[in-house]
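Peer 1:
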Amino acid sequence: MDSDTASKTQNSILEQPNEPLMFEAKTIPLKGIGLVALQDIPQGTLIIRERPLLVARPGAPGALEDFLSSELKKLDKASQRQFLSLHNNFPGKHPFAGIMKTNALPCGSGSEIGAVYPTICRINHSCLPNSQNTWNSDTKIETIFAIRPIKCGEEITIMYDQGGPSTVRQASLKQSFGFKCSCVVCSQPPALLRESDARRSRIQQLDGQIGDPFQMLKSPEKSLKDCHSLLQVLKAEYGAYPGALAARLYYDAFQISIAHGDKTRASIFAEKSYQARLMCEGNETPEVKRVKMLATNPSNHSTFMAYSSKWKNTKKEKFGEDDNEAFERWLFRISN
Ligand SMILES: [Zn+2]
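Read in the UniProt record's numbering, the sequence shown has 213 at position 213, and its numbers run on one by one without any break.
#1: Name the residue from His-125, Ala-247 and Glu-155 whose alpha carbon lies nearest to the alpha carbon of Gly-163.
#2: From Leu-105, Asp-66 and Thr-119, pick the residue whose C-alpha is nearest to that of Lys-93; which is it?
#3: Starting from the Cα of Cys-152, find the closest Cα among Glu-328, Leu-38, Ala-270 and Tyr-274 and give me that residue.
#4: Please name the residue or residues paired with Cys-145 in a DSSP beta bridge.
#5: With DSSP as the reference, label Leu-75 as helix, strand or coil.
#6: Should Leu-30 be labelled buried (16 or more other beta-carbon atoms within 10 Å of its own) or exposed?
#7: Quick check on Ile-258: does DSSP put it in helix, strand or coil?
#8: Can you list, in chain order, the residues of its chain with a C-beta nearer than 8 Å to that of Val-234? Leave out the 5 residues immediately preceding and following it.
#9: Answer yes or no: the CB of Val-185 versus the heavy atoms of ligand 1, is any distance below 6 Å?
#10: Tell me the start and end of each unbroken alpha helix (DSSP H) in the stretch 162-216 that is at least 4 residues and wholly inside, in chain order.
#11: Pop quiz: Pro-58 and Tyr-117 are said to be a contact at Cβ under 8 Å. What is the actual Cβ separation, rounded to whole angstroms?
#12: Report the CB separation of Thr-303 from Gln-232 in whole angstroms; it is logged as a contact under 8 Å.
#13: Tell me where the alpha helix (DSSP H) around Ile-268 begins and ends.
#14: Mark Gln-175 as exposed unless 16 or more other C-beta atoms lie within 10 angstroms of its C-beta, in which case mark it buried.
#15: Is the beta carbon of Pro-42 sitting closer than 7 Å to the one on Pro-149?
#16: Give the straight-line distance between the Cα atoms of Cys-183 and Cys-127, rounded to the nearest whole angstrom.
#17: Return yes when at least one heavy atom of ligand 1 lies under 6 Å from the C-beta of Cys-227, else no.
#18: Using a Cβ-Cβ cutoff of less than 7 Å, which residues in the same chain neighbour Leu-331 once the five nearest sequence positions on both sides are dropped?
#19: Quick check on the burial criterion: 16 or more other C-beta atoms within 10 angstroms. Buried or exposed for Arg-49?
#20: Report all residues from its chain with a CB closer than 7 Å to the CB of Phe-327; omit the five preceding and five following residues, and keep chain order.
#21: List the DSSP bridge partners of Asn-124.
#22: In angstroms, rounded to a whole number, what distance separates the CA positions of Ser-257 and Lys-263?
#23: As a quick exercise: from Asn-130, Phe-96 and Ile-113, pick the residue whose alpha carbon is nearest that of Val-55.
#24: Would you mind stating whether Arg-122 and Leu-35 have Cβ atoms separated by less than 7 Å?
#25: Could you please give the first and the last residue of the uninterrupted alpha helix (DSSP H) stretch that includes Phe-319?
#26: Report the residue from Glu-155, Ala-146, Glu-271 and Lys-225 whose alpha carbon sits nearest the alpha carbon of Asn-297.
#27: Quick check on this structure: which residue in Phe-90, Ile-47, His-260 and Phe-23 has the alpha carbon closest to the alpha carbon of Asn-133?
#28: As a quick exercise: from Leu-84, Gln-188, Asn-89 and Gly-98, pick the residue whose alpha carbon is nearest that of residue 361.
#29: Got a sec: is the Cβ-Cβ distance from Asp-197 to anything in chain B below 7 Å?
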């Protein structure tokens, strides 16, 4: 390894596990630079893991500019060049803050702290992404995993926003990142886009109902039924690869079951959530390790029988291998 390669490994790409290289940075029409797959990449593959160049909280542009300027001075020349070569959708008198705003990814779901990366920040957005970015709070490293099979020549994409119908997504992407989305979902013919919008609104609505603690307490059967409905809508909108949304749904179903003492279903839901997470973020994050532990010991969860013990004597029923539908109805407590 020559010194140039060594410093590159240290500063940017920590690991590209497979040889030859899985992707290259390339100009994408109307989008600037993006990453394009150089080989077929199977679902669940680690594409890249990378340490941040800079980490910052949002703030007034002037104060953020001063903070970034002093942080940037602490970096070596190569890292400074990497930061300055990132795209800025907000040109003006605060160029560092503009680069940060255009490129920063949250350090964890919902975190207001953002980080920029030399390579990961080249990955463009899609409302139907083929990859997922995940922040590991233990290792302070961001990973990108393929959440569906990616064909050689296909652009690698992640999702920047929180979802919802296209008008909401478009407004949020414009405001936060300064671009108009023209992904495969947003550029569908109007009739198909309306159907997609209806599904994405329904996903948000069901998500809200499932998260309602009063429904979970008083009518957990309804909450589980909502989980089952959400699974159907996710399959219709995202096909066979709903990614992190499926992991979250199964985790919600786990919580509903365990709060009423049903260790049998809770264990199955935790296992399904674990398998879905594994595909999106590998086996190293604290969250994935915790869900794996809960699949083995669901009663370790702090809300075990917190709402009631009415489901505590549940036994697993036997289903034939091709009796998936009956198994799903049993799992989600859908009565005939
Ligand atoms: Zn889009």
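Cβ atoms here follow ideal geometry from the backbone N, Cα and C, with glycine treated the same way.
Model, not experiment: these values are computed from the prediction.
Peer 2: Taking the coordinates as given:
#1: For the purposes of this step, residue 163 is identified with residue 163 of the sequence shown, where counting begins at 1. Comparing alpha carbon positions, the residue from His-125, Ala-247 and Glu-155 closest to Gly-163 is His-125.
#2: The count along the sequence shown starts at 1 and reaches residue 93 at position 93. The closest CA to that of Lys-93, considering only Leu-105, Asp-66 and Thr-119, is found on Asp-66.
#3: On the sequence shown, residue 152 is found 152 positions in, with the first residue counted as 1. Of the candidates Glu-328, Leu-38, Ala-270 and Tyr-274, the one whose C-alpha sits nearest the C-alpha of Cys-152 is Leu-38.
#4: In the sequence shown, counting from the first residue as 1, residue 145 sits at position 145. Sequence check: residue 145 is Phe here, not Cys. Phe-145 pairs with Leu-46 and Gln-132.
#5: By 1-based counting over the sequence shown, the position of residue 75 is 75. The answer is coil: DSSP assigns Leu-75 none of H, G, I, E or B.
#6: Taking the sequence shown and counting its residues from 1, one reaches residue 30 at position 30. It is exposed - the Cβ of Leu-30 has fewer than 16 other Cβ atoms within 10 Å.
#7: Within the sequence shown, the letter at position 258 stands for residue 258. Here Ile-258 sits in helix by DSSP.
#8: Mapped onto the sequence shown, residue 234 falls at position 234. Residue 234 is actually Leu in this sequence, not Val. The answer, listed in chain order, is Ile-203, Pro-242, Leu-245, Ala-246 and Leu-249.
#9: Start at 1 with the first residue of the sequence shown, and residue 185 comes out as number 185. At least one heavy atom of ligand 1 is nearer than 6 Å to the Cβ of Val-185, so yes.
#10: Counting only runs that start and end inside the stretch 162-216, the alpha helix (DSSP H) elements of at least 4 residues fall at 166-177 and 190-210.
#11: Position 58 of the sequence shown, counting from 1, holds the residue named residue 58. Position 117 of the sequence shown, counting from 1, holds the residue named residue 117. 18 Å between Cβ atoms; not a contact.
#12: The residue you call residue 303 lines up with position 303 of the sequence shown. The residue you call residue 232 lines up with position 232 of the sequence shown. With a beta-carbon spacing of about 26 Å, Thr-303 and Gln-232 fall beyond the 8 Å limit used to define contacts.
#13: Locating residue 268 in the sequence shown gives position 268, where the first residue counts as 1. According to the DSSP assignment, Ile-268 belongs to the alpha helix (DSSP H) that extends over 263-281.
#14: Locating residue 175 in the sequence shown gives position 175, where the first residue counts as 1. Result: exposed.
#15: If you number the sequence shown from 1, residue 42 lands on position 42. If you number the sequence shown from 1, residue 149 lands on position 149. Yes, the Cβ-Cβ distance between Pro-42 and Pro-149 is below 7 Å.
#16: Against the sequence shown, residue 183 aligns to sequence position 183. Against the sequence shown, residue 127 aligns to sequence position 127. So the alpha carbons of these two residues sit roughly 6 Å apart.
#17: What you label residue 227 is simply residue 227 of the sequence shown in a count that begins at 1. Distances from the CB of Cys-227 to the heavy atoms of ligand 1 are all 6 Å or more.
#18: Position 331 of the sequence shown, counting from 1, holds the residue named residue 331. Closer than 7 Å at the Cβ level, and outside the excluded window around Leu-331, lie Arg-265 and Ile-268.
#19: By 1-based counting over the sequence shown, the position of residue 49 is 49. Answer is buried; the Cβ neighbour count reaches 16.
#20: In the sequence shown, the residue the question calls residue 327 occupies position 327. Counting only Cβ-Cβ distances below 7 Å, and skipping sequence neighbours, we find Phe-319.
#21: Here residue 124 corresponds to residue number 124 of the sequence shown, with the count starting at 1. In the DSSP assignment, the residues bridged to Asn-124 are Thr-157.
#22: Along the sequence shown, one-based indexing puts residue 257 at 257. Along the sequence shown, one-based indexing puts residue 263 at 263. Answer to the nearest angstrom: the Cα atoms are 7 Å apart.
#23: On the sequence shown, position 55 is the one that residue 55 refers to. The shortest Cα separation from Val-55 among Asn-130, Phe-96 and Ile-113 belongs to Ile-113.
#24: Position 122 of the sequence shown holds residue 122. Position 35 of the sequence shown holds residue 35. The answer is yes: Cβ separation under 7 Å.
#25: Numbered from its first residue, the sequence shown carries residue 319 at position 319. Phe-319: not part of any alpha helix (DSSP H); DSSP gives it neither H nor E.
#26: Counting from 1 along the sequence shown, the entry for residue 297 is found at position 297. A check of alpha carbon separations from Asn-297 across Glu-155, Ala-146, Glu-271 and Lys-225 identifies Glu-271 as the nearest.
#27: Stepping through the sequence shown from its first residue, residue 133 is reached at position 133. Ile-47 is the residue among Phe-90, Ile-47, His-260 and Phe-23 whose C-alpha sits nearest the C-alpha of Asn-133.
#28: Residue coverage of the chain in this structure runs from 1 to 336, which leaves residue 361 outside it and unanswerable.
#29: Of the protein chains in this structure there is only one, and it is not chain B.
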